[in-house]
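Here's the structure we're looking at; comments come further down.
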Amino acid sequence: MSVSTSIMLAGILHLTPAANASTQPPADSVKVTLTEGTNMAIALSPDKQTIAMDLQGTIWVLPVTGGKARAITDALGDCRQPTWSPDGTQIAFQSYRDGYFHIWKVNRDGSGLRPLTSGIYHDREPYWSPDGASISFSSDRSGNYDIWKIVLKSDSLVQLTDHPGSDYSPVFSTDGKSIAYVSERATAAGIYMGDSEGKHLLFVHSKEKLASPVWHPDGQHIIFNSFAAGISQLEMVKTGGGDWQTLSRDVEDVFPFRTAWLSPTEYLYTADGQIKLGRIGTSTAETIAFTAEVTLARDRYAPKKRDFDTAVSTPVQGIRGPVVSNSGKFVAFAALGDIWVLETGKSRPVQINNDVFIDIDPVWSPDDRWLAFTSDRNGNMDLWIREIKTGKEVCLLDAADNLKFPSWSADGSQIAFYQADPNAYSRSSLTVIDVKTQKVTTLYDGLFEASQPSWSNDGKYLVVSSLDPYSSRFREGISKFLVIASDRSGARFASPVPGRSLATRGKNGPVISPDGKAIAYILDNVLWIVRVDARLNILGWPVQLTHELAENPSWTGDSKSIVFLATDKLKRVDVADGRIEPLNMEFNWEPQRPEGRLVIHAGKIFDGVSDKYTENADIVIEQNRIREIVPHQPGRKERVIDASRQTVIPGLFEMHTHQNAQLGEKGGRLWLAYGITSIREPGTDPYDALERKESWTSGKRLGPRSFFTGGHMEGNRIYYNRNTSNVAGAQLELELGRAATLGYDMIKTYVGLPDILQKRVTEFAHAHGLPVSSHEIYPAAGLGVDGVEHIGATSRRGYSPKLSAQNKSYQDVLALTAQSGIYMTPTISLHGGMNALISGDSLFFDHWQFQAFYAEKQKQELRSAAARARGSNKTYQNIEKTMVRLMRSGARLTPGTDSPIIPSGLSYHAELQSWVAAGLSPFETLRAATQWSARQAGAGDDLGAIQPGRLADIVIIDGDPLTRIKDLLNVKAVIKNGQYLDIKDLKEAK
Numbered sequence: 001m002s003v004s005t006s007i008m009l010a011g012i013l014h015l016t017p018a019a020n021a022s023t024q025p026p027a028d029s030v031k032v033t034l035t036e037g038t039n040m041a042i043a044l045s046p047d048k049q050t051i052a053m054d055l056q057g058t059i060w061v062l063p064v065t066g067g068k069a070r071a072i073t074d075a076l077g078d079c080r081q082p083t084w085s086p087d088g089t090q091i092a093f094q095s096y097r098d099g100y101f102h103i104w105k106v107n108r109d110g111s112g113l114r115p116l117t118s119g120i121y122h123d124r125e126p127y128w129s130p131d132g133a134s135i136s137f138s139s140d141r142s143g144n145y146d147i148w149k150i151v152l153k154s155d156s157l158v159q160l161t162d163h164p165g166s167d168y169s170p171v172f173s174t175d176g177k178s179i180a181y182v183s184e185r186a187t188a189a190g191i192y193m194g195d196s197e198g199k200h201l202l203f204v205h206s207k208e209k210l211a212s213p214v215w216h217p218d219g220q221h222i223i224f225n226s227f228a229a230g231i232s233q234l235e236m237v238k239t240g241g242g243d244w245q246t247l248s249r250d251v252e253d254v255f256p257f258r259t260a261w262l263s264p265t266e267y268l269y270t271a272d273g274q275i276k277l278g279r280i281g282t283s284t285a286e287t288i289a290f291t292a293e294v295t296l297a298r299d300r301y302a303p304k305k306r307d308f309d310t311a312v313s314t315p316v317q318g319i320r321g322p323v324v325s326n327s328g329k330f331v332a333f334a335a336l337g338d339i340w341v342l343e344t345g346k347s348r349p350v351q352i353n354n355d356v357f358i359d360i361d362p363v364w365s366p367d368d369r370w371l372a373f374t375s376d377r378n379g380n381m382d383l384w385i386r387e388i389k390t391g392k393e394v395c396l397l398d399a400a401d402n403l404k405f406p407s408w409s410a411d412g413s414q415i416a417f418y419q420a421d422p423n424a425y426s427r428s429s430l431t432v433i434d435v436k437t438q439k440v441t442t443l444y445d446g447l448f449e450a451s452q453p454s455w456s457n458d459g460k461y462l463v464v465s466s467l468d469p470y471s472s473r474f475r476e477g478i479s480k481f482l483v484i485a486s487d488r489s490g491a492r493f494a495s496p497v498p499g500r501s502l503a504t505r506g507k508n509g510p511v512i513s514p515d516g517k518a519i520a521y522i523l524d525n526v527l528w529i530v531r532v533d534a535r536l537n538i539l540g541w542p543v544q545l546t547h548e549l550a551e552n553p554s555w556t557g558d559s560k561s562i563v564f565l566a567t568d569k570l571k572r573v574d575v576a577d578g579r580i581e582p583l584n585m586e587f588n589w590e591p592q593r594p595e596g597r598l599v600i601h602a603g604k605i606f607d608g609v610s611d612k613y614t615e616n617a618d619i620v621i622e623q624n625r626i627r628e629i630v631p632h633q634p635g636r637k638e639r640v641i642d643a644s645r646q647t648v649i650p651g652l653f654e655m656h657t658h659q660n661a662q663l664g665e666k667g668g669r670l671w672l673a674y675g676i677t678s679i680r681e682p683g684t685d686p687y688d689a690l691e692r693k694e695s696w697t698s699g700k701r702l703g704p705r706s707f708f709t710g711g712h713m714e715g716n717r718i719y720y721n722r723n724t725s726n727v728a729g730a731q732l733e734l735e736l737g738r739a740a741t742l743g744y745d746m747i748k749t750y751v752g753l754p755d756i757l758q759k760r761v762t763e764f765a766h767a768h769g770l771p772v773s774s775h776e777i778y779p780a781a782g783l784g785v786d787g788v789e790h791i792g793a794t795s796r797r798g799y800s801p802k803l804s805a806q807n808k809s810y811q812d813v814l815a816l817t818a819q820s821g822i823y824m825t826p827t828i829s830l831h832g833g834m835n836a837l838i839s840g841d842s843l844f845f846d847h848w849q850f851q852a853f854y855a856e857k858q859k860q861e862l863r864s865a866a867a868r869a870r871g872s873n874k875t876y877q878n879i880e881k882t883m884v885r886l887m888r889s890g891a892r893l894t895p896g897t898d899s900p901i902i903p904s905g906l907s908y909h910a911e912l913q914s915w916v917a918a919g920l921s922p923f924e925t926l927r928a929a930t931q932w933s934a935r936q937a938g939a940g941d942d943l944g945a946i947q948p949g950r951l952a953d954i955v956i957i958d959g960d961p962l963t964r965i966k967d968l969l970n971v972k973a974v975i976k977n978g979q980y981l982d983i984k985d986l987k988e989a990k
């Protein structure tokens, strides 16, 4: 795929079903032939003549001898794990077509597609009974994964197991009288067997990860997959015990799916990207070759136009956490790093404080005398209060770890907030401080990215939005009200609309009205209230107050109105009659742009394009752009930076990071200190991201360029606080409208968004010139998606279609990535690369940036983590091999890390070093970190290269990075948008 100055290319999927095999592919398309599959499952027809397989989410059929496969479902259903009906006329499978995994079936010729189960639950791993009367499956319908079956004649559901541990992957015995399944029961995990009388016994106990049991035709043995210490194998055990055989070889990458018996001694299974024929008694296996063809058509769209040179004043959009005073006369909010207050009826807000640090999340005391907020003035986010009349500010709590989301009690005596858990990523404790005595009490531990707390009017309860997981098996759930007793007597979940997730868990409610009679919250991107009693039990049906997008609700003290953010405008709604009025505000910011000329006398220039240096040249910068690059001219009158002994490179791009205000003012300087002048944020609170972007671009704080999006575009179920739960229709269109209004630079879709909605999101994004990125590779690579995040990572299936359990990717992944032109940000530092470097390089932390921005304690923690991970990184080399194969096959890769899960800046250089350690050249790595990343971000004409006309984002380093990639750490100065910053500038807050 190429990206020209005005056209970006992406793929739109066209599958040719068997009935239309003669249909000509569209013009300007490419056919992709798949000959291997990553984590594909198969099933054998009862007559032993036909194989069904689920290659990349489509059900295909092919002869048992191999050959050309024929698709019998389209690519929009994420169809997986097929099972044949006993008469061989139908195939059942799990499908995500409607945004939930349900059991579907289709005739073997592709006709008659229909669902067999429905609802808000996930149904997985179907297996047809020998008599054809029922299909067993696993489901989380009862609050955890248990074994169920559907009786096909009546479409009735029968629950077969009920245990707190997850039960899944069921299979009937050959006579249909028994069932085997995998269980994660804490007392004894393993494979269980149940009979027709409901008696269930442990069959195989194992600490290894087990999957997909299947009975041998003799009914006396069970074959299953086991995975431990990087080895995936097929095991066969006699039901009576004593006879245990390992059927596969240690070197095989056996996929965790059911085998299929050809005869009592021959079986089919999937491993190493292939369909294999194994025989009992021999360790060798034959390969059943296949081909499956898809056609990817190229879609052309004009990228978003960005004006990097404007100095025009622009309305502030990075408005964080607006909150109305109890009197209703004032609205406080954070923007451009400071606290501001807007008096209703006046258009210009008043700046309450003014410093380089980040002051955020203001909240009014009940008497409106004080504002509480958090600030990083003392190094991390602490709790402060400010007296409005006098301007007096007091640090109420200077804690060792970040504090977040303060909330005053109704009587003003206490403030609740979150205390970060330093030992658990994104976990925190709900904590209360007495304002007078400053006594601190922990109310509730282990909350995962919960929303701002809200107090009941009697102080007996607090309510937050918190994740309620569906099961322990998968990383998914929905956000609900969590009501927490202030006397620590307990907590309970409640939901105004069962089965639907609340909005992102930040400042979108629940917020209790001051009279204690209602809760306001955001759901489906609009504002609702629901009546509650004194114990916060829900009374009656919710009432919708807006039809436009709403964020950040807060009550006036009389409980009669709510102020909210309507995408980017403040408004107030009357609760009684629904009347909405704007709170007009004139509040602008303008970009910083240097004046005059600056010349860099460079000893060597890596321009981002050539693998050879330009030597002894002058880079002439006017304002924020490079005017010319000429041989060095001594005696210039302009300001000249002497880099005659250094190497000059384009500013680096970090293509996958999730930033937040909790990282503080120094978080912006950190990026620049590591030579990173642009970051891409594929998933964040958009108002938080805009506050950063506007602060950095205006010069309020130092920081890189930001290419951002909003929350992850998720499906019905969510996980992270930034995930938006999307459904087709008005809600999705409101979310897409927000992307256009707030000026997103991209859209990121997450693992739970169904492919049908992925298609709509991509069409919208491209119509607005925005690239789209996803965790998915297919059909994303054909639906127009421009980028794929991570070489592995989270998947809604419980396994990845991009990477096996042994960290291997196969021909399908390589071909789809390379031939579609989709970019991939593999994040291999996250997948083991950083740990490998820490373990193998004693000098890994020896650079000035680490000393300036990180503590010695963090070095020890990272070394300990790397040591603990040493045993689990046994297959990391396979990721390195896949990286090289992708690049050699023509794929476009860009470096990113998923920081701050791993430390920002530091992890980025670990990523680059990992690429070179894997076998890529320093040039390939640097080209990806500059030119390719700029193109993927949609700024290929302005960034990513040192050329006349480009923006002056430049790094000056000691050393030779085209020979030694680690020399990139030797940063001596950075020029961002024409502004020169030396090490002293980068070390100190100004």
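Just so we're aligned, residue 1 is where the sequence shown starts under the working numbering, counting upward by one. C-beta atoms are modelled at their ideal positions from N, C-alpha and C, and glycine is treated no differently.
Name the two residues that bound the continuous alpha helix (DSSP H) containing A918.
Segment 906-918, the alpha helix (DSSP H) holding A918.
Excluding sequence positions up to five away, which residues of its chain have a Cβ less than 6 angstroms from the Cβ of A69?
Answer for A69: W60, L62, F290, A292, listed in chain order.
Please list, in chain order, all residues of the same chain as D642 whose beta carbon is under 6 angstroms from its beta carbon, the five residues on each side excluded.
So the list reads H601, once near-sequence residues are dropped.
Quick check: what's the CA-CA separation for D755 versus S795?
If you take the alpha carbons of D755 and S795, they lie about 14 angstroms apart.
Answer with buried or exposed for Y425, where buried requires no fewer than 16 other C-beta atoms within 10 angstroms of its C-beta.
With fewer than 16 Cβ atoms within 10 Å of its Cβ, Y425 is classed as exposed.
Please list the terminal residues of the continuous beta strand (DSSP E) segment that includes M193.
190-195 is the span of the beta strand (DSSP E), which, as asked, contains M193.
Going by DSSP, what residues sit across from A92 in a beta bridge?
Note: A92 sits in a beta bridge opposite T83, K105.
Ignore the nearest five residues each way along the sequence and tell me which others in A260's own chain have a CB closer than 7 angstroms to its CB.
Within the same chain, A260 has close Cβ partners I42, A43, L44, Y267, L268.
With a CB to CB cut of under 8 angstroms and the five nearest residues on each side skipped, what residues in its chain are close to T999?
This structure gives no information on residue 999, because the portion of the chain shown stretches from 1 to 990.
So, under 8 angstroms CB-CB, R488 and A952 are touching, yes? Tell me the CB distance rounded to an integer number of Å.
57 angstroms between Cβ atoms; not a contact.
Quickly, what does DSSP pair T246 with across the bridge? List them, please.
Answer by DSSP bridge pairing, in chain order: E235.
Helix, strand or coil: how does DSSP classify I600 here?
Strand.
As an exercise, report each continuous beta strand (DSSP E) stretch of at least 3 residues that is fully enclosed by the stretch 325-391, in chain order.
Runs found: 330-335, 338-343, 359-364, 370-375, 382-387.
Hey, V341 and I352: beta-carbon distance below 8 angstroms or not?
Contact: yes.
K276: buried (16+ other C-beta within 10 angstroms of its C-beta) or exposed?
K276 should be labelled buried.
Could you tell me which residues DSSP puts in a beta bridge with W932?
Answer is none; W932 lacks a bridge partner.
Give, in chain order, every unbroken run of the alpha helix (DSSP H) that is at least 4 residues long and sits entirely within the stretch 932-971.
The stretch 932-971 contains these whole alpha helix (DSSP H) runs: 933-936.
Determine the closest residue to K560 out of L598, N380, R593, A520, with distance taken between C-alpha atoms.
That would be A520, whose Cα lies nearest to the Cα of K560.
For Y876, does the three-state DSSP call read helix, strand or coil?
Note: Y876 maps to helix in three-state DSSP.
Can you check which of these residues, T374, I360, N716, K802, is closest to T38 by C-alpha distance?
Among T374, I360, N716, K802, the Cα nearest to that of T38 is on K802.
Work out the CA separation of E763 and G557 for me, nearest whole Å.
The straight-line gap from Cα to Cα measures roughly 44 angstroms.
Could you pull out every residue in the same chain whose Cβ sits closer than 6 angstroms to the Cβ of V573, ignoring the five residues on either side in sequence?
Taken in chain order, the residues that qualify are L545, I562, I580.
What is the DSSP secondary structure of P264, reduced to helix, strand or coil?
The answer is coil: DSSP assigns P264 none of H, G, I, E or B.
Taking the Cβ atom as the reference point for each residue, do G318 and E694 lie within a distance shorter than 8 angstroms?
Yes; because the gap between Cβ atoms is below 8 angstroms, this pair is in contact.
Since D755 is in the alpha helix (DSSP H), which residue starts that stretch and which ends it?
D755 -> alpha helix (DSSP H) spans 755-767.
DSSP on G782, reduced to helix/strand/coil?
Three-state DSSP puts G782 in a helix.
Are the Cβ atoms of S672 and L968 separated by less than 8 angstroms?
In the sequence on display, residue 672 carries Leu and not Ser. Cβ atoms of L672 and L968: not closer than 8 angstroms.
Give me the residue from S466, A852, R680 with the minimum Cα distance to T897.
Here the closest residue by C-alpha is R680.
Use the C-beta contact count for E880: other C-beta atoms within 10 angstroms, 16 or more gives buried, fewer gives exposed.
The residue is buried, with at least 16 neighbouring Cβ atoms inside 10 Å.
With contact counted as at least three CB pairs below 8 angstroms, one residue from each stretch, are the stretch 121-133 and the stretch 167-174 in contact?
Flag = yes, the stretch 121-133 and the stretch 167-174 touch.
Check whether the stretch 147-164 and the stretch 480-497 touch, using three or more Cβ-Cβ pairs below 8 angstroms as the test.
Cβ pair count under 8 angstroms is below three, so no.
From A918 to Q877, what distance separates their C-alpha atoms?
Each residue's alpha carbon lies about 8 angstroms from the other.
Quick one: complete alpha helix (DSSP H) runs, 4+ long, within the stretch 126-158?
The qualifying runs do not exist here; there are none.
Are the CB atoms of I791 and S774 nearer to each other than 8 angstroms?
No, they are not a contact pair.
Using a Cβ-Cβ cut-off of 7 angstroms (strictly less than) and excluding sequence neighbours within five positions of E733, which residues of its own chain qualify?
Same-chain partners within the cutoff: there are none.
Taking the alpha-carbon positions, what's the R80 to E911 distance?
Their backbone Cα atoms lie some 33 angstroms apart in a straight line.
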